[in-house]
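Okay, so here's the structure we're looking at.
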Amino acid sequence: MVDIKSMGKRIKARIDEIGLTQKRVAELSGISSQRLGNYVQGTRPPDICTLAKIANALGVSVDWVLGLSEHGPGTDIEPVLQRLLVLDGMDEARAAVLSQVAQEALRLLNTLPDDVEHRAKAHLAVQAIWNTRPSSKPS
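So for the sequence shown, this note's numbering puts the first residue at 2; every next one is plus one.
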């Protein structure tokens, strides 16, 4: 059974952790600040669609918000990315640093408004393509 008070505490803790206001999270979720406040206070539960939007805005899974998973933000992708970097030949220390930086970049992207997020992702994709292009220097 899901405890809506605990869910509200998780939402509030995550809002504080990522440094956003409740108003901003409400905007990112497409709901009113008052409605989000009700969820944070645990006075009423969100419907599943709204819960998914809130989780997305906070960069966490619905399971985490509901208290069904202890895998909080950043606990899933960081070790996977680090392992991939090591398998690709990078030393452990550098892989750890880069995976942490990548996780932080993803967290920051999740806090951007949708239009800015899309532009930032497009810019990052172009940058990645540019950085991996073959050298055009004559041999």
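Ideal Cβ positions, reconstructed from N, Cα and C, are used throughout, including at glycine.
Could you pull out every residue in the same chain whose Cβ sits closer than 6 Å to the Cβ of residue i, ignoring the five residues on either side in sequence?
i, result
"V3", "L67"
"L69", "none"
Please report the Cβ distance between residue i and residue j, rounded to the nearest whole angstrom; I am assuming they are in contact, meaning their Cβ atoms lie under 8 Å.
i, j, result
"M8", "G43", "7 Å"
"A19", "L59", "The sequence shown places Ile at residue 19, rather than the Ala named in the question. Going by Cβ atoms, the distance from I19 to L59 rounds to 7 Å, so yes, they are a contact pair."
"I55", "P47", "6 Å"
Inspect the beta-carbon positions of residue i and residue j and report whether they are closer than 8 Å.
i, j, result
"S30", "T51", "yes"
"Q83", "A96", "yes"
"L110", "A121", "yes"
"L99", "L86", "yes"
"A53", "L37", "no"
Below 7 Å CB to CB, which residues in the same chain sit around residue i once its five sequence neighbours on both sides are set aside?
i, result
"K13", "V41"
"K10", "none"
"V63", "L52, A53 and A56"
"L1", "Residue 1 lies beyond the stretch modelled for the chain, which goes from 2 to 140, so this question has no answer here."
"Q23", "I16, S34, L37, G38 and V41"
"E93", "V87"
Using a Cβ-Cβ cut-off of 8 Å (strictly less than) and excluding sequence neighbours within five positions of residue i, which residues of its own chain qualify?
i, result
"T76", "Annotation note: pLDDT 49 at T76 (below 50); position unreliable, coordinate value reported separately. Closer than 8 Å at Cβ, skipping near neighbours: no residue."
Whose C-alpha, out of the options, is nearest the C-alpha of residue i?
i, options, result
"P114", "A106, Q101 and R25", "R25"
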